[in-house]
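So for the sequence shown, our numbering puts the first residue at 45; every next one is plus one. Think of the CB as a built atom: it goes at the ideal place given N, C-alpha and C, for glycine as much as any other residue. All figures in this text were calculated on a predicted structure; none of them were measured in a lab.
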Amino acid sequence: MLQNPGKWTSILHKDTGFVDYLCYFAVIEGLQETMINMFKLETVPDNAYWRSKVATGLLLAEDILALDYNADACLNLFFKFWNLRSAERTRLKTQQQPHGTTHVPGLAKYDLLRGSEVKLRVMLTRYDAPLGLWKTDPTLYERFLQYCMHDMPREGKLSPEEVDWTHSDLQLYHPAGCNEGPAIELLKKYAKQGQYAFLPDKARHGPHIAQSIAKFVRRTADVAEANSNMVAARWVFNTFEQEYTNAAPRSLERMEGMARMLGPYATYVQQRLFNASMRTVAASKKLLSDKVGRAPAVQVASDPTAHAANFQNTLGTAPTESRKREPQKRGFGL
(Lines of atoms letter the chains of each structure in order from A and count residues from 1; the text may use other names and numbers.)
(Lines give C-alpha, C1' and ligand atoms only; values in the text may rest on other atoms or scores of the structure.)
Protein backbone atom coordinates (compact mmCIF):
# COMPACT_ATOMS: atom_id res chain seq x y z
CA MET A 1 0.00 0.00 0.00
CA LEU A 2 2.80 2.42 0.85
CA GLN A 3 4.59 1.63 -2.44
CA ASN A 4 1.56 2.50 -4.58
CA PRO A 5 -0.59 4.83 -2.45
CA GLY A 6 -2.52 6.34 -5.37
CA LYS A 7 -4.01 2.98 -6.35
CA TRP A 8 -4.95 2.02 -2.79
CA THR A 9 -6.41 5.38 -1.77
CA SER A 10 -8.67 5.16 -4.81
CA ILE A 11 -9.92 1.79 -3.53
CA LEU A 12 -10.32 3.17 0.01
CA HIS A 13 -12.43 6.00 -1.38
CA LYS A 14 -14.79 3.69 -3.29
CA ASP A 15 -15.07 0.47 -1.24
CA THR A 16 -16.41 1.00 2.30
CA GLY A 17 -16.47 -2.73 3.02
CA PHE A 18 -12.78 -3.03 2.21
CA VAL A 19 -12.03 -0.09 4.54
CA ASP A 20 -13.90 -1.77 7.40
CA TYR A 21 -12.03 -5.07 6.98
CA LEU A 22 -8.68 -3.31 6.62
CA CYS A 23 -9.21 -1.21 9.76
CA TYR A 24 -10.38 -4.24 11.76
CA PHE A 25 -7.23 -6.12 10.76
CA ALA A 26 -5.06 -3.08 11.59
CA VAL A 27 -6.52 -2.74 15.09
CA ILE A 28 -6.17 -6.47 15.83
CA GLU A 29 -2.52 -6.40 14.71
CA GLY A 30 -1.76 -3.14 16.53
CA LEU A 31 -1.08 -1.20 13.32
CA GLN A 32 -3.04 1.92 14.21
CA GLU A 33 0.05 4.16 14.01
CA THR A 34 0.85 2.83 10.54
CA MET A 35 -2.66 3.67 9.38
CA ILE A 36 -2.44 7.14 10.95
CA ASN A 37 0.87 7.78 9.14
CA MET A 38 -0.91 6.98 5.87
CA PHE A 39 -2.97 10.15 6.31
CA LYS A 40 0.17 12.17 5.52
CA LEU A 41 0.54 10.58 2.08
CA GLU A 42 0.15 12.88 -0.90
CA THR A 43 -1.56 10.94 -3.68
CA VAL A 44 -2.30 11.87 -7.29
CA PRO A 45 -5.17 12.25 -7.71
CA ASP A 46 -6.23 12.98 -4.13
CA ASN A 47 -9.81 13.17 -2.85
CA ALA A 48 -11.65 14.49 0.17
CA TYR A 49 -13.01 11.23 1.56
CA TRP A 50 -10.53 8.38 1.94
CA ARG A 51 -8.83 9.78 5.06
CA SER A 52 -12.10 10.39 6.89
CA LYS A 53 -13.39 6.94 5.90
CA VAL A 54 -10.27 5.25 7.29
CA ALA A 55 -10.44 7.33 10.49
CA THR A 56 -14.08 6.34 11.01
CA GLY A 57 -13.25 2.70 10.22
CA LEU A 58 -10.49 2.63 12.84
CA LEU A 59 -12.87 4.03 15.48
CA LEU A 60 -15.51 1.44 14.61
CA ALA A 61 -12.95 -1.37 14.83
CA GLU A 62 -11.75 -0.17 18.25
CA ASP A 63 -15.36 -0.02 19.41
CA ILE A 64 -16.13 -3.56 18.20
CA LEU A 65 -13.11 -4.95 20.04
CA ALA A 66 -13.80 -3.04 23.29
CA LEU A 67 -15.79 -5.46 25.45
CA ASP A 68 -15.35 -3.88 28.88
CA TYR A 69 -17.58 -0.75 28.68
CA ASN A 70 -14.50 1.41 28.25
CA ALA A 71 -14.13 3.94 25.41
CA ASP A 72 -10.61 5.11 26.29
CA ALA A 73 -9.08 3.51 23.18
CA CYS A 74 -11.63 5.19 20.90
CA LEU A 75 -11.23 8.58 22.56
CA ASN A 76 -7.42 8.42 22.51
CA LEU A 77 -7.50 7.45 18.84
CA PHE A 78 -9.86 10.32 18.02
CA PHE A 79 -7.58 12.85 19.70
CA LYS A 80 -4.59 11.44 17.80
CA PHE A 81 -6.49 12.30 14.62
CA TRP A 82 -7.29 15.74 15.99
CA ASN A 83 -3.68 16.42 17.04
CA LEU A 84 -2.38 15.30 13.64
CA ARG A 85 -4.78 17.58 11.79
CA SER A 86 -4.05 20.53 14.11
CA ALA A 87 -0.28 20.09 13.76
CA GLU A 88 -0.53 19.99 9.97
CA ARG A 89 -2.66 23.13 9.81
CA THR A 90 -0.30 24.95 12.19
CA ARG A 91 2.71 23.93 10.10
CA LEU A 92 0.98 25.17 6.96
CA LYS A 93 0.31 28.59 8.51
CA THR A 94 3.93 29.03 9.56
CA GLN A 95 5.22 28.08 6.10
CA GLN A 96 2.73 30.16 4.13
CA GLN A 97 4.42 32.57 1.78
CA PRO A 98 3.27 36.19 1.79
CA HIS A 99 3.34 36.25 -2.02
CA GLY A 100 2.71 33.42 -4.39
CA THR A 101 0.92 30.12 -3.98
CA THR A 102 1.56 27.61 -1.22
CA HIS A 103 0.85 23.92 -1.71
CA VAL A 104 -1.89 22.77 0.68
CA PRO A 105 -1.44 19.11 1.70
CA GLY A 106 -4.50 16.88 1.73
CA LEU A 107 -4.37 16.42 5.49
CA ALA A 108 -4.82 20.17 5.97
CA LYS A 109 -7.12 20.71 2.99
CA TYR A 110 -9.70 18.00 3.72
CA ASP A 111 -11.52 17.32 6.97
CA LEU A 112 -10.01 14.20 8.53
CA LEU A 113 -12.61 14.11 11.31
CA ARG A 114 -15.67 14.16 9.05
CA GLY A 115 -17.92 11.31 10.16
CA SER A 116 -15.77 10.10 13.05
CA GLU A 117 -17.12 12.84 15.34
CA VAL A 118 -20.70 11.66 14.84
CA LYS A 119 -19.77 7.98 15.18
CA LEU A 120 -17.97 8.63 18.45
CA ARG A 121 -20.93 10.55 19.88
CA VAL A 122 -23.21 7.63 18.99
CA MET A 123 -20.82 5.15 20.64
CA LEU A 124 -20.72 7.14 23.88
CA THR A 125 -24.51 7.54 24.13
CA ARG A 126 -25.83 4.07 23.34
CA TYR A 127 -29.45 3.83 24.42
CA ASP A 128 -29.21 0.06 25.06
CA ALA A 129 -26.44 0.55 27.64
CA PRO A 130 -28.15 2.03 30.73
CA LEU A 131 -24.83 2.77 32.45
CA GLY A 132 -23.19 4.00 29.26
CA LEU A 133 -19.48 3.23 28.84
CA TRP A 134 -19.07 3.69 32.58
CA LYS A 135 -15.45 2.52 32.82
CA THR A 136 -14.27 5.32 30.51
CA ASP A 137 -11.80 7.86 31.90
CA PRO A 138 -13.99 10.88 32.89
CA THR A 139 -11.22 13.31 31.90
CA LEU A 140 -11.09 11.94 28.34
CA TYR A 141 -14.88 11.96 28.13
CA GLU A 142 -15.01 15.56 29.34
CA ARG A 143 -12.37 16.57 26.80
CA PHE A 144 -14.52 15.21 23.97
CA LEU A 145 -17.58 16.92 25.42
CA GLN A 146 -15.73 20.24 25.43
CA TYR A 147 -14.60 19.59 21.85
CA CYS A 148 -18.24 19.18 20.79
CA MET A 149 -19.27 22.34 22.66
CA HIS A 150 -16.49 24.65 21.44
CA ASP A 151 -14.45 23.32 18.51
CA MET A 152 -17.28 21.93 16.37
CA PRO A 153 -19.40 25.13 16.49
CA ARG A 154 -16.30 27.20 15.70
CA GLU A 155 -15.75 25.08 12.58
CA GLY A 156 -19.40 25.48 11.58
CA LYS A 157 -20.26 21.81 12.15
CA LEU A 158 -22.93 22.35 14.83
CA SER A 159 -25.62 24.99 15.24
CA PRO A 160 -26.32 26.43 18.73
CA GLU A 161 -29.37 24.15 19.01
CA GLU A 162 -27.30 21.09 18.07
CA VAL A 163 -24.67 22.07 20.64
CA ASP A 164 -27.35 22.08 23.36
CA TRP A 165 -28.62 18.66 22.29
CA THR A 166 -25.12 17.16 22.08
CA HIS A 167 -24.06 18.56 25.45
CA SER A 168 -27.24 17.35 27.16
CA ASP A 169 -27.05 13.90 25.58
CA LEU A 170 -23.40 13.36 26.53
CA GLN A 171 -24.08 14.47 30.12
CA LEU A 172 -26.77 11.79 30.42
CA TYR A 173 -24.06 9.13 29.95
CA HIS A 174 -21.12 10.83 31.70
CA PRO A 175 -18.87 8.22 33.41
CA ALA A 176 -18.25 10.61 36.31
CA GLY A 177 -21.98 10.59 37.04
CA CYS A 178 -25.02 10.59 34.77
CA ASN A 179 -26.39 14.13 34.96
CA GLU A 180 -29.95 15.01 33.93
CA GLY A 181 -29.57 18.75 34.62
CA PRO A 182 -28.69 20.03 31.11
CA ALA A 183 -31.33 17.77 29.51
CA ILE A 184 -34.04 19.09 31.86
CA GLU A 185 -33.07 22.68 31.03
CA LEU A 186 -33.25 21.88 27.31
CA LEU A 187 -36.64 20.18 27.62
CA LYS A 188 -37.98 23.19 29.52
CA LYS A 189 -37.40 25.30 26.40
CA TYR A 190 -39.36 22.84 24.29
CA ALA A 191 -42.14 22.55 26.87
CA LYS A 192 -42.90 26.26 26.41
CA GLN A 193 -43.78 25.55 22.76
CA GLY A 194 -46.59 23.16 23.68
CA GLN A 195 -47.44 19.68 22.44
CA TYR A 196 -46.11 20.32 18.91
CA ALA A 197 -42.65 21.42 20.05
CA PHE A 198 -40.82 18.62 18.21
CA LEU A 199 -43.08 18.58 15.13
CA PRO A 200 -40.80 20.72 12.88
CA ASP A 201 -37.79 18.48 13.57
CA LYS A 202 -39.80 15.31 12.96
CA ALA A 203 -41.26 16.68 9.72
CA ARG A 204 -37.85 17.82 8.48
CA HIS A 205 -35.84 14.71 9.34
CA GLY A 206 -38.41 11.90 9.47
CA PRO A 207 -38.83 8.88 11.77
CA HIS A 208 -35.13 8.59 12.61
CA ILE A 209 -35.01 11.93 14.41
CA ALA A 210 -38.38 11.20 16.02
CA GLN A 211 -36.93 8.05 17.59
CA SER A 212 -33.80 9.93 18.71
CA ILE A 213 -36.00 12.50 20.47
CA ALA A 214 -38.06 9.75 22.11
CA LYS A 215 -34.94 8.00 23.41
CA PHE A 216 -33.55 11.29 24.70
CA VAL A 217 -36.76 11.98 26.64
CA ARG A 218 -36.86 8.46 28.09
CA ARG A 219 -33.19 8.59 29.08
CA THR A 220 -33.67 11.96 30.80
CA ALA A 221 -36.50 10.56 32.92
CA ASP A 222 -34.52 7.40 33.74
CA VAL A 223 -31.44 9.33 34.89
CA ALA A 224 -33.53 11.75 36.94
CA GLU A 225 -35.19 8.82 38.70
CA ALA A 226 -31.85 7.09 39.30
CA ASN A 227 -30.57 10.28 40.93
CA SER A 228 -33.66 10.31 43.21
CA ASN A 229 -34.96 13.39 41.39
CA MET A 230 -38.50 12.04 41.13
CA VAL A 231 -40.04 15.49 40.61
CA ALA A 232 -38.00 15.89 37.42
CA ALA A 233 -38.74 12.33 36.28
CA ARG A 234 -42.49 12.83 36.71
CA TRP A 235 -42.37 16.21 34.99
CA VAL A 236 -40.58 14.74 31.95
CA PHE A 237 -43.04 11.84 31.74
CA ASN A 238 -46.17 13.98 32.03
CA THR A 239 -44.93 16.76 29.74
CA PHE A 240 -43.54 14.52 26.99
CA GLU A 241 -45.57 11.34 27.49
CA GLN A 242 -46.00 10.73 23.75
CA GLU A 243 -42.24 10.80 23.15
CA TYR A 244 -41.57 8.74 26.29
CA THR A 245 -43.95 5.97 25.21
CA ASN A 246 -42.67 5.96 21.62
CA ALA A 247 -39.07 5.15 22.62
CA ALA A 248 -37.99 1.79 21.22
CA PRO A 249 -37.76 -0.97 23.85
CA ARG A 250 -34.27 -1.82 25.02
CA SER A 251 -32.62 -5.22 24.74
CA LEU A 252 -33.45 -6.85 28.08
CA GLU A 253 -30.97 -9.65 27.40
CA ARG A 254 -28.09 -7.19 27.12
CA MET A 255 -29.12 -5.26 30.23
CA GLU A 256 -29.63 -8.42 32.28
CA GLY A 257 -26.14 -9.56 31.27
CA MET A 258 -24.67 -6.29 32.51
CA ALA A 259 -26.68 -6.55 35.74
CA ARG A 260 -25.38 -10.08 36.35
CA MET A 261 -21.82 -8.92 35.69
CA LEU A 262 -22.09 -6.20 38.35
CA GLY A 263 -24.06 -8.36 40.76
CA PRO A 264 -23.69 -7.24 44.39
CA TYR A 265 -21.16 -4.56 43.38
CA ALA A 266 -23.81 -2.40 41.72
CA THR A 267 -24.24 0.93 43.52
CA TYR A 268 -27.62 2.25 44.59
CA VAL A 269 -27.72 4.61 41.58
CA GLN A 270 -26.77 1.80 39.19
CA GLN A 271 -29.59 -0.35 40.55
CA ARG A 272 -32.11 2.45 40.15
CA LEU A 273 -30.89 3.13 36.62
CA PHE A 274 -31.29 -0.53 35.71
CA ASN A 275 -34.77 -0.59 37.23
CA ALA A 276 -35.89 2.51 35.33
CA SER A 277 -34.40 1.31 32.04
CA MET A 278 -35.97 -2.17 32.22
CA ARG A 279 -39.42 -0.98 33.21
CA THR A 280 -42.30 -1.24 30.75
CA VAL A 281 -44.28 1.82 29.66
CA ALA A 282 -47.35 0.58 31.57
CA ALA A 283 -45.32 0.28 34.76
CA SER A 284 -43.86 3.74 34.19
CA LYS A 285 -47.36 5.19 33.99
CA LYS A 286 -48.16 3.75 37.42
CA LEU A 287 -44.99 5.19 38.92
CA LEU A 288 -44.60 8.53 37.15
CA SER A 289 -48.12 9.64 36.23
CA ASP A 290 -48.53 11.86 39.33
CA LYS A 291 -48.91 15.41 38.08
CA VAL A 292 -46.21 17.98 38.79
CA GLY A 293 -47.24 21.60 39.13
CA ARG A 294 -44.34 23.17 37.27
CA ALA A 295 -40.97 22.37 35.78
CA PRO A 296 -38.40 21.34 38.41
CA ALA A 297 -35.51 23.62 39.28
CA VAL A 298 -32.33 21.73 38.43
CA GLN A 299 -28.83 23.04 39.00
CA VAL A 300 -26.80 22.37 35.86
CA ALA A 301 -23.31 21.15 36.77
CA SER A 302 -20.75 21.31 33.98
CA ASP A 303 -17.69 20.24 35.97
CA PRO A 304 -17.40 16.41 36.11
CA THR A 305 -15.96 16.47 39.63
CA ALA A 306 -18.78 18.70 40.85
CA HIS A 307 -21.61 16.69 39.40
CA ALA A 308 -20.00 13.44 40.50
CA ALA A 309 -20.45 14.76 44.05
CA ASN A 310 -23.94 16.19 43.52
CA PHE A 311 -25.28 13.22 41.57
CA GLN A 312 -24.12 9.91 43.03
CA ASN A 313 -21.83 8.63 40.32
CA THR A 314 -21.97 5.26 38.65
CA LEU A 315 -18.43 4.37 39.66
CA GLY A 316 -19.44 4.30 43.32
CA THR A 317 -16.96 6.95 44.51
CA ALA A 318 -19.70 9.09 46.09
CA PRO A 319 -21.39 7.94 49.31
CA THR A 320 -24.28 5.66 48.40
CA GLU A 321 -26.43 7.01 51.24
CA SER A 322 -25.78 10.69 50.53
CA ARG A 323 -29.31 11.24 49.25
CA LYS A 324 -32.59 10.22 50.86
CA ARG A 325 -34.11 7.27 49.07
CA GLU A 326 -37.64 7.54 47.78
CA PRO A 327 -39.38 4.14 47.88
CA GLN A 328 -40.69 2.89 44.55
CA LYS A 329 -44.30 1.79 44.22
CA ARG A 330 -43.19 -1.66 43.14
CA GLY A 331 -39.89 -3.43 42.72
CA PHE A 332 -38.23 -4.01 39.36
CA GLY A 333 -35.06 -5.70 38.21
CA LEU A 334 -32.34 -5.80 40.82
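TYR154 (DSSP reduced to helix, strand or coil): coil
Start-to-end residues for the alpha helix (DSSP H) that takes in TRP94: Note, TRP94: alpha helix (DSSP H), 94-109.
Could you pull the start and end residues of the alpha helix (DSSP H) that TRP126 belongs to? 116-139
Per-residue DSSP class, three states only, for VAL148: Coil, per DSSP.
For TRP209, collect the residues of the same chain with a Cβ closer than 8 Å to its Cβ; drop the 5 residues on either side in sequence, then sort them by chain order. LEU230 and PHE260
Would you tell me roughly how many angstroms separate the C-alpha atoms of LEU104 and LYS163, rounded to the nearest one? 8 Å
Helix, strand or coil: how does DSSP classify PHE83 here? coil
Reduced DSSP secondary structure (H/G/I, E/B, other) of GLY159: Correct three-state label for GLY159: coil.
Grab me the residues of ALA70's own chain with a C-beta within less than 8 Å of its C-beta, minus the 5 sequence neighbours each way, in chain order. The residues are GLN76, THR78, MET79, LEU102 and ALA105.
As assigned by DSSP and simplified to three states, the class of SER212: helix
Output the distance between the C-alpha atoms of ALA110 and THR180, rounded to the nearest integer angstrom. In a straight line, the C-alpha of ALA110 is about 11 Å away from that of THR180.
Excluding five sequence neighbours on each side, which residues of the same chain lie with their C-beta closer than 7 Å to the C-beta of ALA320? ASP266, GLU269 and ALA270
What whole-angstrom Cβ distance do ARG95 and LEU184 have, given they're in contact under 8 Å? So it is not a contact: roughly 23 Å between Cβ atoms.
Own chain residues within Cβ distance below 6 Å of TYR93, not counting five before or after: Excluding sequence neighbours, TYR93 sits near HIS57.
On the CB-based measure, 16 or more other CB atoms within 10 Å of its CB, does LYS84 come out buried or exposed? exposed
Within this structure, are the beta carbons of LEU177 and TYR113 separated by less than 8 Å? yes
Per the contact definition of three or more C-beta pairs closer than 8 Å, is the stretch 296-303 in contact with the stretch 164-175? yes
Whole-number beta carbon distance between HIS218 and MET193, since they are thought to touch under 8 Å: With a Cβ gap of about 13 Å, MET193 and HIS218 do not count as contacting.
N- and C-terminal bounds of the alpha helix (DSSP H) containing ASN319: 312-322
Are PHE281 and SER328 close, meaning C-beta to C-beta below 8 Å? yes
For ALA352, the three-state DSSP class (helix, strand or coil): A caution first: ALA352 carries a pLDDT of 47, below 50, which makes its placement in the model unreliable, though a value can still be read off. Helix at ALA352.
Check whether the Cβ atoms of THR100 and SER160 sit closer than 8 Å, and answer yes or no. When the beta-carbon positions are compared, THR100 and SER160 come within less than 8 Å of each other.
Rounded to whole angstroms, what's the CA-CA distance from LYS97 to TYR68? Just pull it up for me. 13 Å
Rounded C-alpha distance that separates THR87 from VAL148: 13 Å
Between the alpha carbons of GLU199 and ARG316, how many angstroms are there, rounded? 39 Å
Taking ALA117 and LEU136 to be in contact with their CB atoms under 8 Å, please state how far apart those CB atoms are, rounded to whole angstroms. Incorrect: roughly 29 Å between the Cβ atoms, too far for contact.
Out of ARG133, MET196 and THR324, which has the shortest C-alpha to C-alpha gap to ALA292? By alpha-carbon distance to ALA292, the top candidate from ARG133, MET196 and THR324 is THR324.
Express the C-alpha separation of LEU168 and ASP59 in angstroms, rounding to a whole number. 27 Å
If you compare alpha carbons, which of VAL313, ASN273, GLU186 and GLY150 is closest to ALA115? GLU186
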